[in-house]
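Data block below; observations after.
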Ligand code: SF4
């Protein structure tokens, strides 16, 4: 695999002026206006909670199924979409919206039920211009992806978000994830056969993962030239095994400075084309046990920019061109 000479590498010009390719820029370029996601809870569960694959869930997942809690699962999808759109119009001056199936595993149902839910979401409001569907890699198959792909039109943005988390099976075991990296690779290959937009979720700061281990995860994403990445730091939400571990003094989250350095190392290794959906700010602030600094999203984003500037690097600076 030839390696591009970094000394010849030009800093890409991203519209926001950031040293990495921001999701907001990508959406604005594609739709010509301010687009936001409206989070949904469609009443799914997860095979890692109902006993099919495991019970108790992943050690970092709370009883909302890793939701932002911006919705009420007792409301219909149409009600959730309308309420969230009104909030986001006021808060962010958003003009168009992506229905985001966020909570739990949003392909974990028979295809007939999935079709009813996706149909409702895509038609719920005239300003909905697409869907993002978050799932476990072991919960997609050709029939479900064919259904999801059927919503793709030139005007509709359809994206599947896969929780890969890490490339290391020993970490996935430790997390009680009840799936393997091979499951992710199979799902990714199938996803590519349907030419579906995708975003891969990863988590930094897992116990037992060295810097080199985490850079292996970045190298995998770079080799696959994934379209989008959402980067989280491992954080302890209340009533989760990881929070209990934190409260017993068995696990400590990364400090802010260490995270900033690590995520810059990570993004430097990704393809310059990959869209970065998130670099900071996971979990609803009222329910985070640790680290509390993670809620200072703007400050962290500014520090990430400053670290890139200090190094004179940018997204893709250490990308290995194949
Ligand atoms: S697979 Fe997702 S929803 Fe299920 S327990 Fe893990 S993080 Fe939670």
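In my numbering, the protein residues as written are 139 to 460. For every residue, glycine included, the Cβ atom is placed at its ideal position computed from N, Cα and C.
Residue closest to residue i, alpha-carbon to alpha-carbon, out of the options
i           : options            : result
residue 280 : 442, 248, 259, 257 : 248
residue 232 : 285, 196, 458, 176 : 176
residue 312 : 293, 389, 459      : 389
residue 346 : 302, 318, 307      : 307
residue 283 : 318, 432, 324      : 324
residue 234 : 221, 292, 214, 268 : 268
residue 391 : 223, 426, 265      : 426
residue 314 : 419, 441, 289, 379 : 379
residue 353 : 186, 399, 386, 394 : 399
residue 293 : 169, 444, 192      : 169
residue 363 : 330, 351, 185, 435 : 330
residue 433 : 406, 371, 333, 455 : 371
residue 240 : 393, 377, 381, 339 : 339
residue 393 : 431, 319, 250      : 431
residue 318 : 147, 419, 186, 172 : 186
residue 419 : 450, 373, 255      : 373
residue 377 : 395, 202, 155      : 202
residue 332 : 285, 167, 245      : 285
residue 245 : 386, 395, 183      : 183
Beta-carbon gap between residue i and residue j smaller than 7 angstroms
i           : j           : result
residue 274 : residue 243 : yes
residue 413 : residue 161 : yes
residue 499 : residue 453 : No statement about residue 499 is possible, as the shown extent of the chain runs from 139 to 460 and does not include it.
residue 409 : residue 360 : yes
residue 305 : residue 336 : no
residue 384 : residue 428 : yes
residue 200 : residue 375 : yes
residue 446 : residue 402 : yes
residue 404 : residue 356 : yes
residue 341 : residue 417 : no
residue 300 : residue 230 : no
residue 455 : residue 406 : yes
residue 236 : residue 263 : no
residue 334 : residue 287 : yes
residue 181 : residue 225 : no
One or two residues paired with residue i in a DSSP bridge
i           : result
residue 294 : 291
residue 428 : 374
residue 299 : 272, 337
Assigned exposure category for residue i - 16 Cβ within 10 Å defines buried
i           : result
residue 316 : buried
residue 140 : With a pLDDT of 40 at residue 140, under the threshold of 50, the modelled position of this residue cannot be trusted, and the question is left open.
residue 343 : buried
residue 228 : exposed
residue 424 : exposed
residue 198 : buried
residue 277 : buried
residue 261 : exposed
residue 366 : buried
residue 448 : exposed
residue 321 : buried
residue 195 : buried
residue 327 : exposed
residue 190 : exposed
residue 270 : buried
residue 291 : exposed
residue 222 : buried
residue 250 : exposed
residue 350 : exposed
residue 444 : exposed
residue 272 : buried
residue 151 : exposed
residue 440 : exposed
residue 255 : buried
residue 266 : buried
residue 303 : buried
residue 436 : exposed
Original post:
Which runs of the alpha helix (DSSP H) fall wholly inside the stretch 217–283 and span at least 4 residues, in chain order?
Top reply: 249–260
Subject >> 3 or more residues per run - each beta strand (DSSP E) lying fully within the stretch 310–342 >> reply: 335–342
Original post:
Curious, which full-length beta strand (DSSP E) runs of at least 3 residues does the stretch 153–182 contain?
Top reply: 173–178
Original post:
Can you give, in chain order, each stretch of the alpha helix (DSSP H) that sits fully within the stretch 358–420 and has at least 4 residues?
Top reply: 379–385, 394–406
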